[in-house]
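**Q**
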Amino acid sequence: MHKKSHLEERLTACGSILTVADLTQKNMKLAAQERKLLNYASIFSNSNPVHLEIGCGKGGFVNKMATLHPDVNFLAVEKISNVMIEACESALLLGIKNVHFLICAAEVLPKYIPEHSVGRIYLNFSNPLPKLGYVKQRLTNPRFLEIYKNLLVPGGEIWQKTDDEAFFDYSLASYEEAGLKILSVCRDLEAHPFEGNVITEHERRFMDEGKKIFRAVVRV
Numbered sequence: 030m031h032k033k034s035h036l037e038e039r040l041t042a043c044g045s046i047l048t049v050a051d052l053t054q055k056n057m058k059l060a061a062q063e064r065k066l067l068n069y070a071s072i073f074s075n076s077n078p079v080h081l082e083i084g085c086g087k088g089g090f091v092n093k094m095a096t097l098h099p100d101v102n103f104l105a106v107e108k109i110s111n112v113m114i115e116a117c118e119s120a121l122l123l124g125i126k127n128v129h130f131l132i133c134a135a136e137v138l139p140k141y142i143p144e145h146s147v148g149r150i151y152l153n154f155s156n157p158l159p160k161l162g163y164v165k166q167r168l169t170n171p172r173f174l175e176i177y178k179n180l181l182v183p184g185g186e187i188w189q190k191t192d193d194e195a196f197f198d199y200s201l202a203s204y205e206e207a208g209l210k211i212l213s214v215c216r217d218l219e220a221h222p223f224e225g226n227v228i229t230e231h232e233r234r235f236m237d238e239g240k241k242i243f244r245a246v247v248r249v
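The numbering of the sequence shown is the working numbering, which starts it at 30 and goes up by one.
#1: DSSP state of SER213, grouped into three classes?
#2: State the CB to CB distance for the pair ASN127 and ASN156, rounded to an integer number of angstroms; the pair is presumed to be in contact (CB under 8 angstroms).
#3: Please classify ALA245: does DSSP put it in a helix, a strand, or coil?
#4: DSSP on LEU67, reduced to helix/strand/coil?
#5: From the DSSP output, read off the bridge partner residues of HIS98.
#6: Between ARG167 and the rest of its own chain, which residues show a CB-CB distance below 6 angstroms, the 5 nearest in sequence each way excluded?
#7: Among the candidates GLU205, LEU131 and ASN75, whose CA atom is the shortest distance from the CA of LEU81?
#8: Note down the Cα distance separating ARG64 from SER110, rounded to an integer number of angstroms.
#9: Between the Cα of GLU224 and those of LEU97, ASN68, MET57 and SER74, spot the shortest distance and give me the residue it belongs to.
#10: Would a C-beta distance cut-off of 9 angstroms place LEU174 and TYR199 closer than the cut-off?
#11: Mind checking which residues open and close the alpha helix (DSSP H) that includes TYR177?
#12: So what's PRO143 in DSSP terms, helix, strand or just coil?
#13: Just the C-alpha distance for PHE197 and PRO99, rounded to the nearest angstrom, thanks.
#14: Can you find the residues in the same chain that come closer than 7 angstroms, C-beta to C-beta, to LYS108, ignoring five residues on each side of it along the sequence?
#15: Please name the residue in ASN68, ILE46, ILE142 and VAL137 whose C-alpha comes closest to that of LYS58.
#16: Could you check whether ILE187 and ALA61 sit closer than 9 angstroms to each other, using their CB atoms as the reference points?
#17: Check the DSSP bridge columns for THR41 and list the partner residues they point to.
#18: For GLU118 and CYS43, what's the separation of their Cα atoms in angstroms?
#19: Please confirm whether GLU194 and PHE154 have their CB atoms less than 9 angstroms apart.
#20: Taking 9 angstroms as the cut-off, decide whether the C-beta atoms of LEU66 and TYR141 are in contact.
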């Protein structure tokens, strides 16, 4: 992906709804142990529940969700600033007040997100990384699930959607290994839709291509 023009200036212009992770410490494990926790009350000016999307891409899903659910605060994470900028600019253009963006790798989330402060985590069409050498980088690998468990409130949930059945089966096994309770499993979301589903950009494209969408809901 080519770097977008004037990227740094555009990121600065979005500073009111954007936090950029400080990765001076290149060792992500050590960086995650540092604390620079986000102050939700300061960011959102309320005490509403917080939901987190990891890998928000261009922000279509989170901005729509924030519009539909003004009583929920949404925190959207993406590690690629070149992608995140579109999400931020869209939120500003739409005047959405209950969304905040964080440019950060998932490994470093504990540095910014207080423990047991998130009611729900969305994992929408995460990269399946099918090669065995990348197993530990999958966002449903047990090492990431342990991070999510510490971020979620007791009874908090993970909502996952993917078009990759092998990755979906891997994720279900990972949830069980991590001690999470699997509440629901759907292997064809278009055939079995649920009320309130916000269709992401990837989801629409995959359905148009005739691919099945897989969905799981799990609970701490």
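Ideal placement from N, C-alpha and C gives every residue a C-beta, glycine not left out.
Since this is a predicted model, take the numbers as computed values, not measurements.
**A** For this structure:
#1: The sequence position of residue 213 within the sequence shown is 184, counting from 1. Residue state, collapsed to three classes: strand.
#2: Your numbering for residue 127 matches position 98 in the sequence shown. Your numbering for residue 156 matches position 127 in the sequence shown. At roughly 27 angstroms, the Cβ-Cβ gap does not stay under 8 angstroms, so ASN127 and ASN156 are not in contact.
#3: Here the question's residue 245 lines up with position 216 in the sequence shown. Correct three-state label for ALA245: strand.
#4: Stepping through the sequence shown from its first residue, residue 67 is reached at position 38. Coil.
#5: Residue mapping note: residue 98 aligns to position 69 of the sequence shown, counting from 1. BP columns for HIS98 are empty, so no partner.
#6: For the purposes of this step, residue 167 is taken as the residue at position 138 of the sequence shown. For ARG167, where only same-chain residues beyond five positions count, the Cβ hits under 6 angstroms are LEU158.
#7: For the purposes of this step, residue 81 is taken as the residue at position 52 of the sequence shown. Ranking GLU205, LEU131 and ASN75 by Cα distance to LEU81 puts LEU131 first.
#8: As a working note, residue 64 is residue 35 in the sequence shown. As a working note, residue 110 is residue 81 in the sequence shown. Rounded to whole angstroms, ARG64 to SER110 spans 22 angstroms at the Cα level.
#9: On the sequence shown, residue 224 is found 195 positions in, with the first residue counted as 1. Measuring from the Cα of GLU224, the nearest candidate turns out to be LEU97.
#10: Taking the sequence shown and counting its residues from 1, one reaches residue 174 at position 145. Taking the sequence shown and counting its residues from 1, one reaches residue 199 at position 170. No, the pair does not count as a contact, with Cβ atoms beyond the cut-off.
#11: By 1-based counting over the sequence shown, the position of residue 177 is 148. Element bounds for TYR177: 171-180.
#12: Locating residue 143 in the sequence shown gives position 114, counting from the first residue. Here PRO143 sits in coil by DSSP.
#13: As a position in the sequence shown, residue 197 is number 168, starting the count at 1. As a position in the sequence shown, residue 99 is number 70, starting the count at 1. Their backbone Cα atoms lie some 31 angstroms apart in a straight line.
#14: Position 79 of the sequence shown, counting from 1, holds the residue named residue 108. The residues are ILE132, CYS133 and ALA134.
#15: Numbered from 1 along the sequence shown, position 29 holds the residue referred to as residue 58. That would be VAL137, whose Cα lies nearest to the Cα of LYS58.
#16: On the sequence shown, residue 61 is found 32 positions in, with the first residue counted as 1. On the sequence shown, residue 187 is found 158 positions in, with the first residue counted as 1. Going by C-beta atoms, ALA61 is not nearer than 9 angstroms to ILE187.
#17: By 1-based counting over the sequence shown, the position of residue 41 is 12. For THR41, which the question treats as bridged, DSSP gives no partner whatsoever.
#18: Mapped onto the sequence shown, residue 118 falls at position 89. Mapped onto the sequence shown, residue 43 falls at position 14. Using only the alpha carbons, I get a separation of about 7 angstroms.
#19: For the purposes of this step, residue 194 is taken as residue 165 along the sequence shown, with counting starting at 1. For the purposes of this step, residue 154 is taken as residue 125 along the sequence shown, with counting starting at 1. No; because the gap between Cβ atoms is not below 9 angstroms, this pair is not in contact.
#20: The sequence position of residue 66 within the sequence shown is 37, counting from 1. The sequence position of residue 141 within the sequence shown is 112, counting from 1. Cβ distance < 9 angstroms, so LEU66 and TYR141 count as in contact.
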